[in-house]
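Structure first, then comments.
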Amino acid sequence: MTTSTPIDVPIGGDGIRLGQFLKFAGLLDSGGDVKEAIIDGYVTVNGEVDRRRGRQLVIDDVVGYDGRLVRVRP
Numbered sequence: 001m002t003t004s005t006p007i008d009v010p011i012g013g014d015g016i017r018l019g020q021f022l023k024f025a026g027l028l029d030s031g032g033d034v035k036e037a038i039i040d041g042y043v044t045v046n047g048e049v050d051r052r053r054g055r056q057l058v059i060d061d062v063v064g065y066d067g068r069l070v071r072v073r074p
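Under full-length UniProt numbering, residues 1 to 74 are what the sequence shown spells out, in order.
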């Protein structure tokens with residue numbers, strides 16, 4: 001299933017790391033799955049593949065995985 005409009009996911013702050021956000025948003029269940037998906041290039045940030053699990057996301061960044069898009073919200 002592909003969504004063209006990102007789903008807003010409030011994080012309750014100003015920023016969050018990519019790996020944490022993938023789990024928090026419910027896109028992946030475990031740290032191992034997150035690590036694999038990022039390393040294998042299946043995760044995008046603002047439309048571009050990003051292989052840095054520790055990347056600091058900020059408000060309005062859009063993360064994509066498996067045809068789903070989620071946006072970081074405060």
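Beta carbons are placed, not taken as given, at the ideal position from N, Cα and C, and that holds for glycine.
Helix, strand or coil for residue i, going by three-state DSSP, please let me know.
{"i": "G31", "result": "helix"}
{"i": "I38", "result": "helix"}
Where do the ends of the beta strand (DSSP E) carrying residue i lie?
{"i": "G15", "result": "15–17"}
{"i": "residue 136", "result": "Within the shown structure, residues of the chain are numbered from 1 to 74, placing residue 136 beyond reach of any answer."}
{"i": "R52", "result": "Unbroken run through R52: none, as it is neither H nor E."}
Relative to the C-alpha of residue i, which candidate in the options has its C-alpha closest?
{"i": "R73", "options": "D29, T5, G12", "result": "G12"}
Looking at residue i: is its Cβ nearer than 7 Å to the Cβ of residue j?
{"i": "P6", "j": "L57", "result": "no"}
{"i": "V45", "j": "V63", "result": "yes"}
{"i": "L27", "j": "Y65", "result": "yes"}
{"i": "R71", "j": "D8", "result": "yes"}
Count the other CB atoms within 10 Å of the CB of residue i; is the residue buried (16 or more) or exposed (fewer)?
{"i": "D33", "result": "exposed"}
{"i": "D40", "result": "exposed"}
{"i": "D29", "result": "exposed"}
Within 7 Å of any Cβ in chain B, is that where the Cβ of residue i sits?
{"i": "F24", "result": "In the structure shown, chain B cannot be found, because there is only a single protein chain."}
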